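Peer 1:
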């Protein structure tokens with residue numbers, strides 16, 4: 338532990354003494370560092386030289402049978418030492434994308450803990466995986482480097498996805514936010530059990546990217562998440578954007594239509610009928626899209642959308658670190674080229690695509706993003722869609738947060754980024770695209786490792802400093818002032834660009850998009 342982290346850990350340990358549970362006194366079984374006793378029973382994990390890992394720990398009962406589409410129930414205790422050396426099930430999901438996880442099963446409410454080999458009352462980072470609320474698993478994010486370099490305990494969580502986690506149907510009550518309820522159950526498990534793994538239950542940061550980041554936005558907005566965390570990290574998920582949640586009425590219409598598609602059209606009998614449909618049939622009927630499932634606004638868990646909550650100042654006030662990637666849309670557009678028979682976007686097609694997307698505003702967009710200013714039509718369209726869909730709402734989110742809570746802002750801007758192993762690259766550099774900051778923080782099983790180790794180390798140090806004390810400042814690295822100081826945004830890149838302040842609104846034409854949206 339370096340001096341900075343040691344001072345923070347000591348201070349936070351003193352502050353959190355009252356929150357520590359009785360399990361801290363019985364953290365291991367018989368002095369064996371591989372065995373930790375939880376409230377439901379003992380688990381045996383894997384011990385390495387500098388860290389310990391515990392996988393597939395149940396934090397709730399299997400949501401099967403009558404518990405399908407019901408709020409999570411407590412995990413059933415086990416009498417013997419439970420094996421925690423292999424991953425548990427990922428929650429059911431389509432398999433059509435590289436981010437899809439295996440093995441799958443509806444008994445999937447489990448989590449993983451990675452902790453430094455020694456240490457007490459360490460800060461806790463709870464990672465909520467992304468995947469459009471449809472794909473992914475906590476096991477895809479190896480946390481050994483984050484835990485050991487950052488001197489933090491890392492928890493990665495599986496939660497119900499897609500049709501099983503976010504289906505709103507009038508016969509199922511407030512079923513549209515069960516995935517969020519699972520995450521809250523995992524956070525309560527952390528509060529009750531993490532001391533046994535060396536963590537401080539009074540010093541918890543929730544973090545997530547994309548769908549995981551939108552989940553963090555929802556927890557910021559949810560009254561039922563109050564007190565479950567002390568800080569929040571949001572990656573590539575502007576809380577003030579339009580993609581983070583669905584209105585209850587829209588979600589209910591979607592749920593009724595999906596139920597009818599699997600033979601459960603009668604609302605009066607739909608609950609029983611849907612619980613009898615095989616999981617594989619439900620997943621197939623839901624499809625493999627990216628926008629069908631989102632948290633649902635209008636119930637007790639999420640009475641107002643994150644955007645509304647932030648605008649009104651009615652959210653859980655904790656320090657926030659939030660940002661986006663410089664070229665968010667690059668990977669999506671590049672992936673479209675890999676569809677059989679597809680070809681790169683041509684110069685002739687560029688204005689056609691703008692007309693399809695922006696109608697009467699297409700000429701103004703093309704004048705603002707002229708093709709000669711870019712190396713390819715795909716890079717021009719990447720800039721357009723990144724700025725409209727991600728950068729502008731990210732900037733608005735930062736402004737809303739900064740009115741009330743300490744806020745630090747970043748932009749991941751590395752151009753030489755990893756790609757999906759074994760997959761051909763597109764015709765243009767996707768650069769700092771969606772997802773591609775993740776190998777700089779974790780060992781991601783569906784992406785190549787990051788090769789810029791100095792940038793990786795710096796990002797882990799920044800993130801860990803925030804987890805320790807709510808401020809990403811680290812001695813020896815470039816300063817990172819709060820967003821409140823002149824709307825400061827830290828650019829994160831290697832090489833000549835390096836780490837520096839960026840003029841985020843100018844670089845992403847914020848004023849143009851703000852005027853266009855009026």
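Numbering (my numbering), first residue to last: 338 to 855. Glycine included, each C-beta is placed from N, C-alpha and C at the ideal position. Since the model is a prediction, treat every value here as computed from it, not as a measurement.
(1) Based on DSSP bridge pairs, tell me the residues matched to residue 464.
(2) Assuming residue 879 contacts residue 722 (C-beta within less than 8 Å), just tell me the rounded distance between them.
(3) Measuring CA to CA, which of 397, 472 and 467 is closest to residue 444?
(4) Within 10 angstroms of the Cβ of residue 390, are there 16 or more other Cβ atoms? Answer buried if so, exposed if not.
(5) By a C-beta neighbour count over all protein chains shown, 10 Å radius and 16 as the cutoff for buried, is residue 796 buried or exposed?
(6) So, are the CB atoms of residue 459 and residue 536 less than 7 Å apart?
(7) Which whole-angstrom value is the C-beta distance of residue 620 and residue 499, which I expect to be below 8 Å?
(8) List the endpoints of the continuous alpha helix (DSSP H) containing residue 422.
(9) So, at 6 Å on beta carbons, what are the nonlocal neighbours of residue 635 in its own chain, with the 5 sequence-adjacent residues on each side left out?
(10) Among 654, 790 and 541, whose alpha-carbon lies nearest the alpha-carbon of residue 803?
(11) What residue range does the beta strand (DSSP E) around residue 652 cover?
(12) In three-state DSSP terms, what is residue 381?
(13) Would a C-beta distance cut-off of 7 Å place residue 631 and residue 582 closer than the cut-off?
(14) Helix, strand or coil: how does DSSP classify residue 733 here?
(15) Is residue 606 helix, strand or coil by DSSP?
(16) Counting only the same chain and skipping the five closest in sequence on each side, list residues whose C-beta sits under 6 Å from that of residue 578.
(17) Let me make sure I understand the geometry here. Which of 809, 476, 720 and 422 has the alpha-carbon closest to that of residue 464?
(18) Would you decide whether residue 406 is buried or exposed? Buried here means 16 or more other CB atoms lie within 10 Å of its CB.
(19) Quick one: give me the first and last residue of the beta strand (DSSP E) that residue 395 is part of.
(20) Can you grab the Cα-Cα spacing for the pair residue 829 / residue 835, in whole Å?
(21) In whole angstroms, give me the CA-to-CA distance for residue 652 and residue 553.
(22) Per the DSSP calculation, residue 570 is bridged to which residue(s)?
(23) Restricting to Cα atoms, I'd like to know which of 734, 381 and 660 is closest to residue 368.
(24) Would you mind reading off the limits of the beta strand (DSSP E) that contains residue 375?
(25) Considering only the alpha carbon of each residue, which of 470, 843 and 776 lies closest to residue 479?
(26) With distances taken between CB atoms, is the gap from residue 575 to residue 734 smaller than 7 Å?
(27) Determine the DSSP secondary structure at residue 536, reduced to helix, strand or coil.
(28) By Cβ distance, which residues of its chain are closer than 6 Å to residue 469, with the 5 residues on each side in sequence left out?
(29) Just the Cα atoms here: how many angstroms apart are residue 691 and residue 771?
(30) Roughly how many angstroms separate the alpha carbons of residue 488 and residue 453, rounded to a whole number?
(31) Three or more beta-carbon pairs under 8 Å between the region 746-756 and the region 658-669, yes or no?
(32) If you measure between the beta carbons of residue 679 and residue 673, is that distance less than 7 Å?
(33) Anyone know if the C-beta pair for residue 495 and residue 375 falls short of 7 Å?
(34) Should the region 780-790 be called in touch with the region 805-817, which here means at least 3 C-beta pairs below 8 Å?
(35) Between residue 857 and residue 655, how many whole angstroms is the CB-CB distance? I'm expecting something under 8 Å.
(36) With DSSP as the reference, identify every bridge partner of residue 838, one or two as the case may be.
Peer 2: Taking the structure as given:
(1) 493 and 544
(2) Given that the chain is displayed from residue 338 to residue 855, the structure contains no residue 879 and the question cannot be resolved.
(3) 397
(4) buried
(5) buried
(6) yes
(7) 7 Å
(8) Per DSSP, residue 422 belongs to no alpha helix (DSSP H) and is neither H nor E.
(9) 585
(10) 541
(11) Careful: residue 652 lies outside any beta strand (DSSP E) and carries neither H nor E.
(12) strand
(13) yes
(14) helix
(15) helix
(16) 730
(17) 476
(18) buried
(19) 388-395
(20) 7 Å
(21) 12 Å
(22) 544 and 658
(23) 381
(24) 369-375
(25) 776
(26) yes
(27) strand
(28) 548 and 627
(29) 21 Å
(30) 7 Å
(31) yes
(32) yes
(33) no
(34) no
(35) A query on residue 857 cannot be resolved here, the shown segment of the chain reaching from 338 to 855 and no further.
(36) 827
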